[in-house]
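Using full-length UniProt numbering, the letters of the sequence shown correspond one by one to residues 1 to 504.
No residue lacks a Cβ here, since even glycine has one placed at the ideal position from N, Cα and C.
No experiment lies behind these values; they were computed from the predicted model shown.
Working notes, structure below.
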Amino acid sequence: MKILSANAIRKVDAYTIEHEPVSDYGLMQRAAGALTEWLLERIPSGTHVVVLAGSGNNGGDALVAARLLMLSGFSVSTYCCHHQVTVSPTCIIAKDALLAIPDADCKEVAGRDFFPRIESTDWVIDGLFGSGLNRPLQGLAVDCVQLVNRSGATVVAIDVPSGLPTDGDFVVDPELCIHATYTLTFQLPKLSFLFAEHELLTGEWSVLDIGLNRNAIENAETSFHMITHDDAAALLHQRAKFAHKGHFGHALMIGGSRGKIGAVVLASRACLHSGVGLLSVHLPQGGELVLHTAVPEAMVEADQNEKYVTHVEISGKHNAVGIGCGLGTHPQTAKALEDILTRAICPMVIDADALNLIATHPELKSLLSANTIVTPHPVEFDRLAGKSSSGAERLENARQWAVDHQCVVVLKGAYTAVINALGEVWFNSTGNPGMATAGSGDVLTGILLALLAQDYDPFDAARLGVYLHGLAGDLASNATSQEFLTAGVLIDFLGSAFKKMQKE
Numbered sequence: 001m002k003i004l005s006a007n008a009i010r011k012v013d014a015y016t017i018e019h020e021p022v023s024d025y026g027l028m029q030r031a032a033g034a035l036t037e038w039l040l041e042r043i044p045s046g047t048h049v050v051v052l053a054g055s056g057n058n059g060g061d062a063l064v065a066a067r068l069l070m071l072s073g074f075s076v077s078t079y080c081c082h083h084q085v086t087v088s089p090t091c092i093i094a095k096d097a098l099l100a101i102p103d104a105d106c107k108e109v110a111g112r113d114f115f116p117r118i119e120s121t122d123w124v125i126d127g128l129f130g131s132g133l134n135r136p137l138q139g140l141a142v143d144c145v146q147l148v149n150r151s152g153a154t155v156v157a158i159d160v161p162s163g164l165p166t167d168g169d170f171v172v173d174p175e176l177c178i179h180a181t182y183t184l185t186f187q188l189p190k191l192s193f194l195f196a197e198h199e200l201l202t203g204e205w206s207v208l209d210i211g212l213n214r215n216a217i218e219n220a221e222t223s224f225h226m227i228t229h230d231d232a233a234a235l236l237h238q239r240a241k242f243a244h245k246g247h248f249g250h251a252l253m254i255g256g257s258r259g260k261i262g263a264v265v266l267a268s269r270a271c272l273h274s275g276v277g278l279l280s281v282h283l284p285q286g287g288e289l290v291l292h293t294a295v296p297e298a299m300v301e302a303d304q305n306e307k308y309v310t311h312v313e314i315s316g317k318h319n320a321v322g323i324g325c326g327l328g329t330h331p332q333t334a335k336a337l338e339d340i341l342t343r344a345i346c347p348m349v350i351d352a353d354a355l356n357l358i359a360t361h362p363e364l365k366s367l368l369s370a371n372t373i374v375t376p377h378p379v380e381f382d383r384l385a386g387k388s389s390s391g392a393e394r395l396e397n398a399r400q401w402a403v404d405h406q407c408v409v410v411l412k413g414a415y416t417a418v419i420n421a422l423g424e425v426w427f428n429s430t431g432n433p434g435m436a437t438a439g440s441g442d443v444l445t446g447i448l449l450a451l452l453a454q455d456y457d458p459f460d461a462a463r464l465g466v467y468l469h470g471l472a473g474d475l476a477s478n479a480t481s482q483e484f485l486t487a488g489v490l491i492d493f494l495g496s497a498f499k500k501m502q503k504e
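Have a look at this one:
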């Protein structure tokens, strides 16, 4: 699923109006109809609705919704907050249609004295500003937004919460933006919804289909996408009936240090439950018994050191290498990592402490190969590339990092971003807060290692892997609860995740 810029969305709107039997106002009625249908399924009977309409098409959407809600029997108070001298023609049409209803009213907000009284039991429809906003709010608009935020009412933002830039063009002061309970966006997700700092502003967001032209969407250029179920399922390889374990690759997992052997156990279990044919694990001497007991299917290679990894034999028999889980950051381990990066010719997954070692030994970045996947969480990425002031800035830094080092970056988060060497970004759509638990990242490393060993392209492996990881988390959460989730439970639901994708 594409994520388009505000400018690209305007072009798709224009193309739809030009090539389909629909006018500008007709498209507005489609949008408001979808919005109202959603509202009628959720607004409690007898609720008073306050509609705030701006001077653009977003305001027109709000006015059409106000009319439809009144026709459905709701008590609606409508306020026009014309923040621009010019009011869009479709907004004027929508206002005239509203005022044609008996008892309908649309009060003009000319100053603070004209602000509506909003009760905490009301539902507020935010149609002040749309997706084209390119600067922070100011003046009367700020006062109106802050009034809504103080009210405690349920707030539904149309398309984008007023004050939030669609493309993350500028850092938003939360005091200058609507804090929506729900955001109902049209046709496609908006990039700014996917940054952690905007969670309070967007609330729970949903995408409403308003029938924009499919050809226009397909032809629209963008570097941003969201991984859907169909996208991920199309990447999954079919397993041949006469295949044997050699067909599914030999993976090498390197990790562990004193007190952190569990991380390697989790990654190894996840790897074996993600279709790999053979798995060898290199860990500090003394960890063999733990590994043999917890993961009997794995072959174990013990390091000469009991506390940390110091030397690993890399051979041509391995189809993929994963390194970092529980690895530690000892100087001798740093030397071992340098040796591995120098000699390994197969695809690699680099995670956790291996990334921390690269951050403290920046000369190692030059050794990363084009078939490498790095999987930092935000703090680990900031260590690699420098601190970011916002999620939008961190994403741009990660895109540049992927281009500079010609590898795949998996920037972990609520909407994990998978970035290829061209700077293209695919956001994951699965997963839940229950997965914010120790070892969850180790499970992802194991999944990615398994897919690489099975000869998946690194970018495909990363997109499929993060989707499967999140899907397993969703299935586990639905069967138990988010609070119950552990990394081990995630692994237990990997089989169901694969099955769900194969079935559908």
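Rounded to the nearest angstrom, what separates residue i and residue j at their Cα positions?
i           : j           : result
residue 158 : residue 6   : 14 Å
residue 49  : residue 107 : 14 Å
residue 403 : residue 421 : 5 Å
residue 209 : residue 10  : 16 Å
residue 189 : residue 204 : 12 Å
residue 145 : residue 2   : 30 Å
residue 281 : residue 252 : 6 Å
residue 194 : residue 140 : 28 Å
residue 476 : residue 433 : 12 Å
residue 317 : residue 453 : 11 Å
residue 351 : residue 323 : 6 Å
residue 399 : residue 419 : 6 Å
residue 289 : residue 261 : 11 Å
residue 376 : residue 482 : 23 Å
residue 487 : residue 435 : 8 Å
residue 366 : residue 227 : 30 Å
residue 503 : residue 341 : 39 Å
residue 412 : residue 494 : 19 Å
residue 472 : residue 448 : 14 Å
residue 45  : residue 72  : 10 Å
residue 314 : residue 346 : 10 Å
residue 56  : residue 480 : 46 Å
residue 87  : residue 206 : 28 Å
Spatial neighbours of residue i within its chain, please: C-beta separation below 6 Å, excluding the five flanking residues on both sides.
i           : result
residue 43  : 123
residue 25  : 90, 93
residue 330 : 308
residue 152 : 120
residue 176 : 136, 137, 142, 163
residue 380 : 355
residue 115 : 147
residue 385 : 397, 401
Excluding sequence positions up to five away, which residues of its chain have a Cβ less than 8 Å from the Cβ of residue i?
i           : result
residue 297 : 272, 279
residue 304 : 285, 310, 311
residue 68  : 32, 33, 36
Report yes if the CB atom of residue i is closer than 7 Å to the CB atom of residue j, and no otherwise.
i           : j           : result
residue 155 : residue 196 : no
residue 191 : residue 164 : no
residue 349 : residue 445 : yes
residue 462 : residue 408 : yes
residue 283 : residue 439 : no
residue 264 : residue 325 : yes
residue 295 : residue 269 : yes
residue 186 : residue 31  : yes
residue 425 : residue 490 : no
residue 8   : residue 220 : yes
residue 127 : residue 59  : yes
residue 470 : residue 430 : yes
residue 319 : residue 458 : no
residue 160 : residue 131 : yes
Apart from the five residues on each side of it in sequence, which residues of its chain come closer than 7 Å, Cβ to Cβ, to residue i?
i           : result
residue 292 : 300
residue 396 : none
residue 450 : 251, 271, 274, 275, 276
residue 19  : 213
residue 169 : 134
residue 406 : 370, 421
Should residue i be flagged as near chain C, meaning a C-beta pair shorter than 7 Å?
i           : result
residue 433 : Here chain C cannot be found, since the structure has a single protein chain.
(request) Could I get the ranges of all uninterrupted beta strand (DSSP E) runs contained in the segment 288–323, with 3 residues as the minimum, in chain order? (result) Scanning the segment 288–323 from its first residue to its last, the whole beta strand (DSSP E) runs of 3-plus residues come out as 299–302, 320–323.
(request) At 4 residues or longer, and completely inside the segment 4–71: list those alpha helix (DSSP H) runs for me, N to C. (result) Along the length of the segment 4–71, whole alpha helix (DSSP H) runs at least 4 residues long occupy 6–19, 24–40, 57–71, reported in chain order.
(message) Would the segment 386–393 count as touching the segment 353–365 if we require 3 or more Cβ pairs under 8 Å?
(response) By the Cβ criterion, the segment 386–393 is not in contact with the segment 353–365, since fewer than three pairs of Cβ atoms, one from each stretch, lie closer than 8 Å.
(message) Give the list of continuous beta strand (DSSP E) stretches no shorter than 3 residues that lie fully inside the segment 148–188.
(response) As far as the segment 148–188 is concerned, its whole beta strand (DSSP E) runs of at least 3 residues are 154–158, 182–186.
(message) Can you confirm whether the segment 19–39 touches the segment 224–239 when touching is taken to mean that 3 or more C-beta pairs between the two stretches lie within less than 8 Å?
(response) Cβ pair count under 8 Å is below three, so no.
(request) Report the residue ranges of all alpha helix (DSSP H) runs contained in full by the segment 64–132; include only those spanning at least 4 residues, in chain order. (result) Complete alpha helix (DSSP H) runs here, min 4: 89–99.
(message) For the structure I just gave you, are there three or more beta carbon pairs, one from the segment 67–81 and one from the segment 130–139, closer than 8 Å?
(response) Taking one beta carbon from each stretch, the segment 67–81 and the segment 130–139 have fewer than 3 pairs nearer than 8 Å; the two do not touch.
(message) As an exercise, report each continuous alpha helix (DSSP H) stretch of at least 4 residues that is fully enclosed by the segment 413–481, in chain order.
(response) List check, alpha helix (DSSP H) in window: 440–453, 458–479.
(request) Can you check the segment 210–247 for any alpha helix (DSSP H) of at least 4 residues that lies completely inside it and give the ranges in chain order? (result) The qualifying runs are 214–219, 229–235.
(request) Jot down the residue ranges of each uninterrupted beta strand (DSSP E) in the segment 334–387, minimum 3 residues, whole runs only, in chain order. (result) If only complete runs of 3 or more residues are kept, the segment 334–387 shows the beta strand (DSSP E) at 348–350, 372–374, in order along the chain.
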